[in-house]
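Novice: I am attaching a structure below and will ask some questions about it afterwards.
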Amino acid sequence: MNNSSPTSLQIQLVTTTELEISWDSYVANHAKAAPYHKFAWVKSIEQTYKHQNVSLIATIDNKVVGILPCIAMLKPLAKPTFCSLPFCDIGYALSDNHEITHALKQHALAQLTAANAHVFEYRDTQDSVVNERDKPIKVRMLLTLPGSADALMEGFKSKLRSQIRKAEKNGLTYTINQNSQSIANFYTIFAKNMRKLGSPVHSKQWFENLINHYGSDVFLAVVYKQAIPIGAGLIIRNAKKVAIPWASTDADYNYLAPNMMLYWALMQHACELGCTEFDFGRSTFGEGTFKFKQQWGAEPVALLWSDLNSSQTESELTPGQPSTLRKFVETAWSHLPLGLTIFLGPKIRKYISL
79 MNNSSPTSLQ IQLVTTTELE ISWDSYVANH AKAAPYHKFA WVKSIEQTYK
129 HQNVSLIATI DNKVVGILPC IAMLKPLAKP TFCSLPFCDI GYALSDNHEI
179 THALKQHALA QLTAANAHVF EYRDTQDSVV NERDKPIKVR MLLTLPGSAD
229 ALMEGFKSKL RSQIRKAEKN GLTYTINQNS QSIANFYTIF AKNMRKLGSP
279 VHSKQWFENL INHYGSDVFL AVVYKQAIPI GAGLIIRNAK KVAIPWASTD
329 ADYNYLAPNM MLYWALMQHA CELGCTEFDF GRSTFGEGTF KFKQQWGAEP
379 VALLWSDLNS SQTESELTPG QPSTLRKFVE TAWSHLPLGL TIFLGPKIRK
429 YISL
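The structure is reproduced here in structure tokens:
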């Protein structure tokens, strides 16, 4: 345990169950906390992919005053990379004031040096909504939820309400739970979609661990055409905020509008839980997924990703246009047998922080 400024501030690694409980209590009551800040995310990464947890907690007189979630991503034949946080859009420090945040970052940078690492991916976000003329590369799309699902539906444009009703008229149904069959259905749809996109898939164990560690704060929705699962999504919660890291539909059934039922089911459930914010996740400003999320009323908030160890403190790390080589690899991957992508995907995916 090391001392840092201010004098009475103490910063330490989160290595015990007691500290994890204190961490989650602080996160549950912090206004800027997102669902990704819960220690369940860090534990799931550590347990699934064996990356090292180097998260920090700050206390003054045994009272928690700040946290910094962080993972040291260990890569073969390469130096480790620190990331706050892998596999999601944000993982910034939470604290009582800017001085404590600065102390947490400095302590983390000292750990980075001790680990002989050089890159510290720090994923922050703006607080205010951006407009079209700003055109940041990447944004997260946030929807403020009203007090009830009925009020949410009434606020939608008539075209959107019609699309939701279309899914119902097409005979689609959905379930929301956490049972093993829903996990299997979700993963099958997700793996197919990732192969189509040319992207290595997460392991099924990753999702099982998330559900285990988030407990009552994670929900799986599966959309069915009769008994056939054709769409699925997962949301995680902290206090009154929910986020949807992954959602997929079977392209062969997209004409039935399963994505409309899927998102409506999850938003309706969030309203019923008393949540006030729905985070649709990362999009490129103005592109297709951006417009899909915007139609629900979500507004763009810029992502601010930087390398804390860079001389440029806010150097842009958000991805731009894919390279020719990346496009080639994605095309080749999309033509591999599904079973092979499920076998190989997690072995690659664990080293990709996005």
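Residues in the sequence shown are numbered consecutively from 79, following our numbering. Glycine is no exception: its CB is placed at the ideal position from the N, C-alpha and C atoms.
To the nearest whole angstrom, what separates the beta carbons of Ala-171 and Pro-158, a pair I think is in contact under 8 Å?
Specialist: For this step, residue 171 is matched to residue 93 along the sequence shown. For this step, residue 158 is matched to residue 80 along the sequence shown. Not a contact, Cβ separation roughly 20 Å.
Novice: Distance, Cα to Cα, Pro-415 vs Asn-271?
Specialist: What you label residue 415 is simply residue 337 of the sequence shown in a count that begins at 1. What you label residue 271 is simply residue 193 of the sequence shown in a count that begins at 1. Cα-Cα distance, rounded: 13 Å.
Novice: Sorted by chain position, which residues of the same chain lie with C-beta nearer than 6 Å to Cys-353's C-beta, five sequence neighbours on each side aside?
Specialist: In the sequence shown, the residue the question calls residue 353 occupies position 275. Same-chain partners within the cutoff: Leu-223, Lys-318, Val-320.
Novice: Could you check if Gln-390 is buried or exposed, using at least 16 other CB atoms within 10 Å of its CB as the buried criterion?
Specialist: Stepping through the sequence shown from its first residue, residue 390 is reached at position 312. Below a pLDDT of 50, predicted positions are generally treated as unreliable, and Gln-390, at 45, falls in that range; no measurement from the model is reported.
Novice: Would you grab the beta carbon distance between Ala-106 and Asn-290 for me? Rounded to a whole angstrom, and I think it's under 8 Å.
Specialist: Numbered from its first residue, the sequence shown carries residue 106 at position 28. Numbered from its first residue, the sequence shown carries residue 290 at position 212. That pair is no contact at about 19 Å.
Novice: Could you pull the DSSP bridge partners for Phe-368 from this structure?
Specialist: As a first step, residue 368 must be located in the sequence shown, where it is residue number 290. Per DSSP, none; premise fails for Phe-368.
Novice: For a minimum of 4 consecutive residues, which ranges assigned as the alpha helix (DSSP H) are wholly contained in the region 324-385?
Specialist: Fully enclosed alpha helix (DSSP H) runs of 4 or longer: 336-350, 366-372.
Novice: Please classify His-129 as buried or exposed, where buried requires at least 16 neighbouring CB atoms within 10 angstroms.
Specialist: The count along the sequence shown starts at 1 and reaches residue 129 at position 51. Buried, since its Cβ has 16 or more Cβ neighbours within 10 Å.
Novice: Give me the Cα-Cα distance between His-108 and Gly-417, rounded to the nearest whole angstrom.
Specialist: As a working note, residue 108 is residue 30 in the sequence shown. As a working note, residue 417 is residue 339 in the sequence shown. If I take the Cα positions, the gap works out to 42 Å.
Novice: In chain order, what residues of the same chain have a beta carbon less than 6 Å from the beta carbon of Ser-206, not counting five sequence neighbours either side?
Specialist: Translated into the one-based positions of the sequence shown, residue 206 becomes position 128. Closer than 6 Å at the Cβ level, and outside the excluded window around Ser-206, lies no residue.
Novice: Are the CB atoms of Ala-112 and Cys-148 nearer to each other than 8 Å?
Specialist: By one-based count along the sequence shown, residue 112 stands at place 34. By one-based count along the sequence shown, residue 148 stands at place 70. Result no, Cβ atoms of Ala-112 and Cys-148 do not sit closer than 8 Å.
Novice: Per DSSP, which one or two residues make a beta bridge with Lys-128?
Specialist: Counting from one through the sequence shown, the residue named residue 128 turns up at place 50. Beta-bridge pairing links Lys-128 to no other residue.
Novice: Within the continuous beta strand (DSSP E) that includes Asp-202, where are the two ends?
Specialist: Residue numbering aside, residue 202 sits at position 124 when the sequence shown is read from its first letter. It spans 198-207 - the beta strand (DSSP E) in which Asp-202 sits, taken as one unbroken run.
Novice: Please say whether Pro-323 and Leu-312 have beta carbons closer to each other than 8 Å?
Specialist: Along the sequence shown, read from residue 1 onward, the residue named residue 312 stands at position 234. Along the sequence shown, read from residue 1 onward, the residue named residue 323 stands at position 245. Going by C-beta atoms, Leu-312 is nearer than 8 Å to Pro-323.
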